[in-house]
Amino acid sequence: MNIFGVGLPEVTVILILALLIFGPKKLPELGKQLGKTLKSLKKASNEFQNEIDQVMKEEDKDESPKSIESNQSNEINQEKIDSENSNN
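Below is the structure:
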């Protein structure tokens, strides 16, 4: 078990310290609150990631026609230059 670089021995020490500091009566309440906090952080993180993904998809949709038009105009310009060079 290795979560965030913290192994089982470290987790055990942290739990023992928490038990000594907060006591057995308050520890379940703290665990419950920690769980709620982590859940809300994960939810916010997922929402943020979904927003980024949505914006990226919209940018890709907007960018695709422009890049196709740009590539076509670049090819046409290159053909004009090539034909002018071959005529000279």
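If you want my numbering, it's the position in the sequence shown, counting the first as 1, plus 1027.
All C-beta atoms, glycine included, are put in the ideal place defined by N, C-alpha and C.
Here L1057 is near F1049, since their CB atoms are less than 8 angstroms apart. Straight across, the Cα-Cα distance linking A1045 with M1083 is about 43 angstroms.
One alpha carbon belongs to G1032, the other to V1038, and they sit about 11 angstroms apart.
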